[in-house]
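> Before I ask anything, here is the structure I am working with.
Numbering (the numbering used here), first residue to last: 863 to 1798.
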């Protein structure tokens, strides 16, 4: 079974990675040359201010007193410059946002593997094309642009990473640090002739990265006074820097300024997905070469922002985020970044029509060249009879349109040239997208074949090893060509390999295309078994159809919960009536009523507010106290079985439980102490960090000291996990694992009742005497039944509930960084991400250990039920694979991708957690000689 586990894990990792190869591949086109307009630019230098994590609405809106938070920039908007909303794309993270602003293209997700900091691939940028660029700000952003520069002309000055502390007294100090450093830099330049000479050349860029808003947004939320006050501080700082720069250059009117943001932020202080609060950022431009305010009282937008922001009569010029890079290039006369897909927003330029026409023509040539290189590369690596060109834009048509545009410019027909260039750019971008996604259908079919094949193979394994169906009906029913099957599939694999080799396909294509071959061979090899299954279905058509309908409805209910969390409440209410329907209520009234009670309580959690709620440490404290009370009740209830154990074992168990309950009490104390310290802005106490990390490190070791008797080991596991979960909680979600643990304890008892109810044997062992450690010595004593499908469905439904019931939503931005503040507050994406992931997995482990217990208590072969779980989860994943899309709003795109990523992650983690649950339940760190117990 270990071999199947490893193969299954590898297969699911491939399926998980496939979504990124299909939808998120690098957009970079290599082999192009730089292009710039020959006309003199309107500005000699440009200052780029990027307020990290600034939302458009929070910046432009007026406060409750009708006053702006940014008086200087508001004055620019109304009297001196142009403004609009910059639309970002998924993923709304700092690195992709800055790459779009400075390099002009939308980066693929491969950068997440390096924490959005380092360059997975080198790329061109406006910094690289400038003569000199000076940057100030965060060590998370600046190095990637300096590293990608072709020569030593990009200079960076950064504060230490330790300053990015969510518990800092005032995160706006990150921004004031930048402003102070810029002021000192210009003061120093006045005394340094060599530096001053460099700064007075053309094609200069100053970049100020302002991280305070993002840090305050994560720590205090965007609606907080800290975040809004930070906006005022940034505005004042910009005003001072602009004054200093103008004074340094003696008001020569050759400086352009751009103020924008890399991404927004949700109300609960996270970002990464496609919600409008994340994708809408402000853009304000003024200075040399930039248009002044335009009056337009008849503007039509899908939102009501103009009215809300009191800017009804000021023309709003929206752009895509990548359009900022060509705007910078046009203003200071540098070549457009080689891989830029931004379209120059001509409305922002205050220059002659000839200059605008020449600039947009250069923009067109640069994008068309990318299209040409991309098309030629795809043509060269595709068999001629398989190649399908982008019909709306043959190469000849593109060149003809370019010649026509140049002719229009020569004839001073600038508007015609501009319109023609915009049409050609749109066609070229469509063509780029066409060739970029050229293999998408082909790869999608390959992955679907692999997915269906793997799910079928898992079903075949269930039927072969865990049912009575593995008996051939007749020897003649075997495939007549069974002896030739290996040769047929080997031949298919060779043909596929040769076709991919001829086309110089990436190595990942070989994996996606060849994976279905061995999988389907393993399936078809069991053709006789599949016949037996089909014959059984045909023998009982009505029953089979009813079971199939219930199975489909069950899966669709869980899929619906990804869109509407309230569906889980409906499902849990149905769960509550299970004992009534199955007659368990008469058999064990206490347990049945307890099941109804805790199912009803658990059903409330999906109705609770999602992430973004205000922290409520009182609820966390209450959850900890209830856990301690429940622990004492549980220990008293199971006192008798424990008294039968060896005296030494009992003493060890008591010591373990005492240590774990003490750990829970300490967790309560740490949560309150940390919250109080952060609220007073005293930072994270060292004692909190030491206790938190110690609790986390010991949470998976201490249970291994306890007895392996079923309920004693489960209690120990839940106490350890609960102490860690309390440290990661900020509100009502702290109560969830407690209620969930109570429910699964009752579930284990009720499943034992169902076995006793249907069993003809009277030799059923008491649950309290079942020893996990003896599981390995048992042999399977029964095959799978229909009830086992129900058990598997209960398990996967509880897993889905474990995710959504704690306030998460089906999006990659649903995680609250405040959860990790007991452990660390200095920004570290990998450690914070790992801690938040463990918080999500803790309820999974609770359910998984209970599921392992049910397999033991119901006398099933190890992993038999888990195979059914894999089939169910794979069907869900395949469903979401078909729902992934790259069109529509960025919210829809991000949500569809998030759904697939979450369900695939669940499946992969379940495979790991099944191993972890087996270790946690069966292994023991012996402090004394083991006493072996036997079944009665």
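C-beta atoms are modelled at their ideal positions from N, C-alpha and C, and glycine is treated no differently.
Going by Cα to Cα distance, which pick from 1355, 1365 and 1270 is closest to residue 1242?
Among 1355, 1365 and 1270, the Cα nearest to that of residue 1242 is on 1365.
> When DSSP labels each residue in this structure, what does residue 1730 get in the three-state scheme?
In this structure, residue 1730 counts as helix in the three-state DSSP scheme.
> Identify whether residue 910 lies in helix, strand or coil by the three-state DSSP scheme.
Of the three classes helix, strand and coil, the one that applies to residue 910 here is strand, per DSSP.
> List the endpoints of the continuous alpha helix (DSSP H) containing residue 1411.
Counting along the chain, the alpha helix (DSSP H) containing residue 1411 begins and ends at 1403-1423.
> Under 8 Å, do residue 1588 and residue 1526 count as touching if we go by C-beta distance?
Cβ distance < 8 Å, so residue 1588 and residue 1526 count as in contact.
> Label residue 1426 either buried or exposed according to how many other C-beta atoms from any shown protein chain fall within 10 Å of its C-beta, with 16 as the threshold for buried.
Flag for residue 1426 reads exposed.
> Confirm the yes/no value for this check: CB of residue 1049, any heavy atom of the ligand COA, distance under 7 Å.
This structure lacks the ligand COA; in fact it carries no ligand of any kind.
> Runs of 4 residues minimum, wholly inside the region 1262-1334: which ones carry the alpha helix (DSSP H) assignment?
DSSP runs (the alpha helix (DSSP H)) wholly in the region 1262-1334: 1276-1298 and 1302-1328.
> Residue 1786: which of 1551, 1154, 1635 and 928 sits nearest, CA to CA?
For the residues 1551, 1154, 1635 and 928, the minimum Cα distance to residue 1786 belongs to 1635.
> Alpha carbon to alpha carbon, how far is residue 965 from residue 908? Give it in angstroms, no decimals.
Computed Cα separation, rounded: 15 Å.
> Going by beta-carbon coordinates alone, are residue 1198 and residue 1207 separated by less than 8 Å?
Contact flag unset, no.
> Would you mind giving the Cβ-Cβ distance between residue 923 and residue 1171, rounded to the nearest angstrom? I have them listed as a contact below 8 Å.
Residue 923 to residue 1171, Cβ: 6 Å. Contact.
> Using the Cα positions of residue 961 and residue 968, report the straight-line distance between them to the nearest angstrom.
For residue 961 and residue 968, the distance between alpha carbons rounds to 7 Å.
> Per DSSP, which one or two residues make a beta bridge with residue 1145?
Answer is 946 and 1122.
> How would you call residue 895, buried or exposed, if buried means at least 16 neighbouring beta carbons within 10 angstroms?
The residue is exposed, with fewer than 16 neighbouring Cβ atoms inside 10 Å.
> With DSSP as the reference, label residue 1857 as helix, strand or coil.
The chain is shown from 863 up to 1798; residue 1857 falls before or after that span and cannot be answered.
> In its own chain, which residues sit with a C-beta less than 6 Å from the C-beta of residue 1434, not counting the 5 before and 5 after it?
1461, 1464 and 1465, listed in sequence order.
> Between residue 889 and residue 1298, how many whole angstroms is the CB-CB distance? I'm expecting something under 8 Å.
With 8 Å as the limit, residue 889 and residue 1298 qualify as a contact, their Cβ atoms being about 6 Å apart.
> Taking only the alpha-carbon atoms, compute the straight-line gap between residue 1623 and residue 1721 and give it to the nearest angstrom.
Note that residue 1623 has pLDDT 47, beneath the 50 cutoff, so the model's placement of it is unreliable and no number is given.
> According to the Cβ coordinates, are residue 1073 and residue 1093 closer than 8 Å?
It is not a contact, given that the beta carbons lie outside the stated cut-off.
> Just the Cα atoms here: how many angstroms apart are residue 1390 and residue 1354?
Cα to Cα, residue 1390 sits roughly 23 Å from residue 1354.
> Residues in the same chain with beta-carbon distance under 7 Å from residue 1734, minus the five sequence neighbours each way, listed in chain order, please.
The residues are 1417, 1654, 1655 and 1658.
> From the DSSP output, which residues share a beta bridge with residue 1152?
Its beta-bridge partners are 1211.
> On the three-state DSSP scale, how would you describe residue 916?
Note: residue 916 maps to coil in three-state DSSP.
> Could you spell out the range, first to last residue, of the alpha helix (DSSP H) harbouring residue 1374?
Residue 1374 -> alpha helix (DSSP H) spans 1369-1376.
> Residue 998 lies in the beta strand (DSSP E); which residues open and close that run?
From DSSP, the beta strand (DSSP E) with residue 998 extends over 994-999.
> Under the DSSP definition of a beta bridge, which residues are partnered with residue 1781?
Residue 1781 is not bridged to any residue.
> For residue 1782, count neighbouring C-beta atoms within 10 Å of its own C-beta (all shown protein chains included) and say buried if the count is 16 or more, exposed if not.
The residue in question, residue 1782, is buried, as its Cβ has 16 or more Cβ neighbours within 10 Å.
> With 16 as the cutoff for other CB atoms within 10 Å, does residue 1775 come out buried or exposed?
By the neighbour-count rule (16 or more Cβ atoms within 10 Å), residue 1775 is buried.
> Along the alpha helix (DSSP H) that carries residue 1574, what are the first and last residues, could you check?
Its alpha helix (DSSP H) spans residues 1572-1589.
> Note down, in chain order, each residue of its chain lying with its Cβ closer than 8 Å to the Cβ of residue 1052, except the 5 sequence neighbours on either side.
The residues are 1058 and 1110.
> Please report the distance separating the alpha-carbon of residue 1530 from that of residue 1004.
So the alpha carbons of these two residues sit roughly 40 Å apart.
> Provide the residue span of the beta strand (DSSP E) that contains residue 1470, from first to last.
Run containing residue 1470: none; DSSP gives neither H nor E here.
> Whose C-alpha, out of 1218, 1662 and 1712, is nearest the C-alpha of residue 1575?
Of the candidates 1218, 1662 and 1712, the one whose C-alpha sits nearest the C-alpha of residue 1575 is 1712.
> Assuming residue 1646 contacts residue 1329 under a Cβ cut-off of 8 Å, what Cβ separation, rounded to an integer in Å, is found between them?
Yes, residue 1646 and residue 1329 are in contact; Cβ-Cβ is about 6 Å, under 8 Å.
> Helix, strand or coil: which one does DSSP assign to residue 1787?
In this structure, residue 1787 counts as coil in the three-state DSSP scheme.
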